[in-house]
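Notes for the one structure printed next.
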Amino acid sequence: MHNHGDFPAESLFLIPAVAAVAAYWAGVVSKKSGQWPPWRLVCFIAGVLAVLLTVLEPLAGWAHSDFGALALSHVLAGMAGPLLIVVSRPADLALLTLDDVPAARLRRAVNGPLARFLTHPVTATALVAAGMWGMFHTPLLGAMQESMPVHWMVTAYLAATGCLFTASVLDSAPVSHSFRLRAAALVTAAAVHAGLAAGLLVVPPEGNSSTAGALVLLVSGLAVQAVLALLLLGQQRGTAPLLPQIRRA
Numbered sequence: 001m002h003n004h005g006d007f008p009a010e011s012l013f014l015i016p017a018v019a020a021v022a023a024y025w026a027g028v029v030s031k032k033s034g035q036w037p038p039w040r041l042v043c044f045i046a047g048v049l050a051v052l053l054t055v056l057e058p059l060a061g062w063a064h065s066d067f068g069a070l071a072l073s074h075v076l077a078g079m080a081g082p083l084l085i086v087v088s089r090p091a092d093l094a095l096l097t098l099d100d101v102p103a104a105r106l107r108r109a110v111n112g113p114l115a116r117f118l119t120h121p122v123t124a125t126a127l128v129a130a131g132m133w134g135m136f137h138t139p140l141l142g143a144m145q146e147s148m149p150v151h152w153m154v155t156a157y158l159a160a161t162g163c164l165f166t167a168s169v170l171d172s173a174p175v176s177h178s179f180r181l182r183a184a185a186l187v188t189a190a191a192v193h194a195g196l197a198a199g200l201l202v203v204p205p206e207g208n209s210s211t212a213g214a215l216v217l218l219v220s221g222l223a224v225q226a227v228l229a230l231l232l233l234g235q236q237r238g239t240a241p242l243l244p245q246i247r248r249a
């Protein structure tokens, strides 16, 4: 833990987390939000908490010595948290409730070339796969367990790329892509995730909980991806009409 006097530096992450929840809440209670489903607020809070838990004690401390805790952190920050955040549709809520000028600026940002590139299923899948490989099959694994700032930076990368990937799969991106392309992206990411986790079972990193951590990574990761697959199929069959669909220009 990094302390400034008696104040843990990790607690600073509470500021953006609380600010994000407060902003979302303000959007929900706005008269412009209409009949915004309360369950989306619950999903947003749960998603923010899932990511936040990975940078706070005790989980952040456990991850420095326990591979199982590190694997759980990966699933929470890079998979479960982003899924919950994306289905809560924060961008749609912001576009619906912001004043005209900031809403126009946000719309230009989410429809800009950078956003279109980052949320393309191929790009998002590559970013997620690179993060998984780098975290568990390069010296970055040891660096995360030795340095809390490195742990924070990797967590931020996992959360950001996880949101981009989930948005691309659930067609919450600026440009709509075909079901086949989005399904292929999900299958590819799931295969890469399963392959990397299986590789850790065969050649585990050092540590007493290495096998357990690999199993956590494999089972919980596949569970989140299975939920994502069900949502994708529900979209395609028209049984999940309330799933993310960003307002395009």
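Numbering-wise, our numbering puts 127 at position 127 of the sequence shown, and it's gapless, one number per residue. Every residue, glycine too, gets a C-beta built ideally from N, C-alpha and C.
{"query": "Can you list, in chain order, the residues of its chain with a C-beta nearer than 8 Å to that of Val21? Leave out the 5 residues immediately preceding and following it.", "result": "Phe44, Ile45 and Val48"}
{"query": "Give me the Cα-Cα distance between Phe108 and Ala115, rounded to the nearest whole angstrom.", "result": "Note on identity: in this sequence residue 108 is Arg, with Phe being the wrong assignment. Cα to Cα, the separation comes out at about 10 Å."}
{"query": "Which two residues bound the contiguous alpha helix (DSSP H) that contains Thr54?", "result": "Here Thr54 belongs to no alpha helix (DSSP H), and DSSP marks it neither H nor E."}
{"query": "Just checking my contact of Thr97 with Ser178 at CB under 8 Å: how many whole Å lie between their CB atoms?", "result": "31 Å between Cβ atoms; not a contact."}
{"query": "I need the straight-line Cα distance from Leu136 to Ala184, nearest angstrom please.", "result": "Reading off the sequence, residue 136 comes out as Phe, not Leu. The alpha-carbon atoms of Phe136 and Ala184 are separated by roughly 24 Å."}
{"query": "Is Val51 buried or exposed, if buried means 16 or more other CB atoms sit within 10 Å of its CB?", "result": "buried"}
{"query": "Mind listing, in chain order, the continuous alpha helix (DSSP H) runs of no fewer than 4 residues lying wholly within the segment 96-141?", "result": "100-110, 113-118 and 121-137"}
{"query": "How big is the Cα-Cα spacing for Ala249 and Asp92?", "result": "Unreliable positioning characterises Ala249 in this predicted model, as indicated by a pLDDT of 43, which lies under 50. A coordinate reading is not provided."}
{"query": "Could you tell me whether the Cβ atoms of Gly213 and His193 are closer together than 7 Å?", "result": "no"}
{"query": "Does DSSP classify His177 as helix, strand or coil?", "result": "coil"}
{"query": "Between the C-alpha atoms of Val101 and Ala94, what's the straight-line distance to the nearest angstrom?", "result": "12 Å"}
{"query": "Go to Met148, then tell me how far its alpha helix (DSSP H) extends in each direction, as first and last residue.", "result": "Met148 to Val169"}
{"query": "Rounded to whole angstroms, what's the CA-CA distance from Leu56 to Glu10? Just pull it up for me.", "result": "6 Å"}
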